[in-house]
Amino acid sequence: MFEETNIIAGLEIGTSKICVVVGEQKADGSLNIIGVGQALTQGVRKGEIINPQLVEEDVRIAVAEAEQMANVEIRSVFVAVTGSHIKGFNHRGFHRVLSADYEITQEDVEDVINNAKAINLPMDHTLILDVRQHFMVDGEGGIADPVGMHGARLEVDLHVIHGKTNRLQNVTRLVRGISLQVNDVVFSGLASSLALLTPEQKDLGVLVIDLGAGTTEYAVFSEGILRHSGVLTVGGDHATNDLAYGLKISLHRAEKLKLQHGSALIDETAGEQMVGVTDERGMEIKQVKAVQVQTIVSLRVEEVLKIVAEELAQSGLTHLLRAGVLLCGGGARMANITTLAEKIFQMKCEVGHANGVSGLSQTLDEPEFATAIGLVKYGAIQQRQSTANLLWWLRLWDWFKNLLGLGG
Ligand SMILES: Nc1ncnc2c1ncn2[C@@H]1O[C@H](COP(=O)(O)OP(=O)(O)O)[C@@H](O)[C@H]1O
Ligand SMILES: [Mg+2]
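Take the sequence shown: its letters are residues 1266 to 1673, numbered as in the numbering used here.
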């Protein structure tokens, strides 16, 4: 029985691929990746399921592949969600300290947290996650624990992620339809961040950008806490579509051309250098200027990164990113992406790698697996917490038995 609960599976239904990662949490808390399954997606647009039948089939394929590799039966999964309907925002709770000497008590803290949690989400939306930020006392921020401090006004922000109920149900219904339990629904940008970030990076302040095919998710951490998040409904497809349109070639050929010759920067020295557009069999059918390909691709990638930079600037958190920017998602494989990102964000930008897990083969240590690996890490954290809670209850029960003289 223990072995079953020890297996944790993550499922990402991305716009370009479905990915299942299976991890095994050992008794010492360490996490070992033991299986992975993938399938190219049909039926997902901009992170959302538009053809459940097609997606269901692809999920089955990816799950079966992961099960075979891990040699386990997957019964439940942590599922990533994304799409334009998912919103992240900060909600502030206020509380007036009422005691005569204005000393802040635990009750004041509970009151301000409850006030922050009193959120009016749109009727058709469901809460996915709320993360408490540090407290403010009389406008002074960054306070981890205000109990015992003096002040008249206590405030706290909650970072809230929510999504449209029916779109979230589309995902959970599909997963349950193939006889898998849904342990939890996790925002993809958060899952990717969990895969890549060390506790130090979260403390120092970092922005994670997941450059997917139809969406781009981002998350900002500082002082160890998730501070801000968002989803853009543009991703790598943006560049592929433009290449297809601009060069009058099929999407399939444009995607291939992008992977082979796309770059986030224009090589000014390339001059008249030509590159080949190939068909399905790899036969060259046309030649185009390398600079033309680079120009189209780099403009689109720049556009996506600039939107993230603008949203980050609006959040007022840019100055907190002492660990810079980490990129993941398939788009992070693009040539010169970090150089372009550094130009836009004016700080250190790197491609992130999963950490804190063992058993990662070289193929799995690629940026497009960040979300699914992060889901497994998320599951492992939840499992550790529920084990800790169980131990706490068992200790309480022991204490109770002793008190009542039932021990023995
Ligand atoms: N070497 C590469 N250069 C540029 N883009 C790439 C490369 N490899 C993958 N991509 C792009 O990454 C995107 C897919 O990333 P992925 O994280 O798997 O997306 P999703 O999770 O949305 O399915 C596609 O737009 C693809 O073109
Ligand atoms: Mg993705």
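Every residue, glycine too, gets a C-beta built ideally from N, C-alpha and C.
- The C-alpha of P1411 is placed about 9 Å away from the C-alpha of Q1371.
- Per the C-alpha coordinates, the member of V1447, R1441 and H1399 positioned closest to V1641 is V1447.
- For ligand 1, the residues with a Cβ under 5 Å from any of its heavy atoms are, in chain order, G1279, T1280, S1281, K1282, G1477, A1478, G1501, L1524, G1594, G1595, G1596, R1598, M1599 and E1633.
- With a threshold of 7 Å, the Cβ atom of D1475 counts as near ligand 2, since some heavy atom of the ligand is closer than that.
- The C-beta separation of G1594 from A1635 comes to about 7 Å, placing the pair in contact by the 8 Å criterion.
- When Cβ pairs closer than 8 Å are counted between the two stretches, the stretch 1372-1385 is seen not to touch the stretch 1472-1481, the count staying below three.
- Collapsing the DSSP output to three states places L1472 in a strand.
- Looking at the DSSP output, G1288 sits in a beta bridge with I1273 and I1298.
- Burial state of A1365 is exposed, judged by a 10 Å Cβ sphere holding fewer than 16 other Cβ atoms.
- Excluding residues up to 5 positions away in sequence, T1280, T1347, G1348, G1479 and T1480 lie with their Cβ nearer than 6 Å to the Cβ of G1312 in the same chain.
- The beta strand (DSSP E) runs of length 3 or more contained entirely in the stretch 1439-1488 are, from start to end of the chain, 1446-1452, 1471-1476 and 1481-1487.
- Taking the C-beta atoms as reference points, L1592 is found no nearer than 8 Å to V1558.
- Per the coordinates, the alpha-carbon of I1561 lies some 7 Å from the alpha-carbon of A1504.
- Listed in chain order, the alpha helix (DSSP H) elements of length 4 or more contained wholly in the stretch 1323-1403 are 1371-1382.
- In this structure, the beta-carbon distance from R1310 to G1470 does not fall below 8 Å.
- A contact is defined here as three or more CB-CB pairs under 8 Å, and the stretch 1456-1468 meets this definition with respect to the stretch 1478-1497.
- In this structure H1427 is not in contact with L1363, their Cβ atoms being roughly 32 Å apart against a cut-off of 8 Å.
- Of the residues Y1510, E1420, S1623 and A1345, the one whose Cα lies closest to the Cα of I1369 is E1420.
- For ligand 2, no non-hydrogen atom lies closer than 7 Å to the CB of E1520.
- Pairing T1583 with L1577, the inter-Cα distance amounts to about 6 Å.
- At least 8 Å separates the beta-carbon of V1342 from that of L1394.
- If you compare the alpha carbons of L1445, T1543, Q1307 and S1623 with that of L1524, the shortest gap goes to T1543.
- Only exposed fits H1517, as fewer than 16 other CB atoms lie within 10 angstroms of its CB.
- DSSP, read as helix, strand or coil, puts T1543 in strand.
- The DSSP-derived three-state label of V1590 is strand.
- For the 8 Å CB-CB criterion, G1442 and E1575 do not form a contact.
- Contact between the stretch 1325-1335 and the stretch 1398-1410 is absent, with fewer than three C-beta pairs closer than 8 Å.
- The straight-line gap separating the alpha-carbon atoms of N1355 and H1390 is approximately 16 Å.
- Boundaries of the beta strand (DSSP E) harbouring R1492: I1490 to L1497, taken from the DSSP string.
- Straight across, the Cα-Cα distance linking G1500 with E1520 is about 13 Å.
- According to the DSSP assignment, R1418 belongs to no alpha helix (DSSP H) but to the beta strand (DSSP E) extending over R1418 to K1429.
- Here the C-alpha atom of G1536 lies approximately 8 Å from the C-alpha atom of A1555.
- At a Cβ-Cβ threshold of 8 Å, G1288 and I1298 count as neighbours.
- Judged by DSSP in its simplified three-state form, S1580 adopts helix.
- Rounded to the nearest angstrom, the gap between the Cα atoms of L1661 and R1340 is 31 Å.
- Here T1604 is exposed, its C-beta having fewer than 16 other C-beta atoms within 10 Å.
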